[in-house]
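**Student:**
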Amino acid sequence: MARAQGARALMALGTVGLFVFAMADPSGFSARMVGLAEV
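Using the working numbering, read the sequence shown as starting at 11 and increasing by one per residue.
1. How would you write the range of the alpha helix (DSSP H) that Val30 sits in, first residue to last?
2. Distance, Cα to Cα, Arg42 vs Ala12?
3. Please report the straight-line C-alpha distance between Arg18 and Val26, rounded to a whole angstrom.
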C-alpha cells in the first residue's frame, strides 16, 4: 500500500516538474513533446 502511495506522489512530483520545466524552457519543452509524440 505504501509503495502505491509513493509511486503516486512521485508521479505528482514529476507532473509538477514538467510544468515548471515547460515554464522555464518553453522551446525545449515543445521540442521534447514533439519528440515524444513521434515515438
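Glycine included, every Cβ here is placed at the ideal spot set by N, Cα and C.
**Tutor:** Per the coordinate set shown:
1. Ala12 to Ala34
2. 32 Å
3. 12 Å
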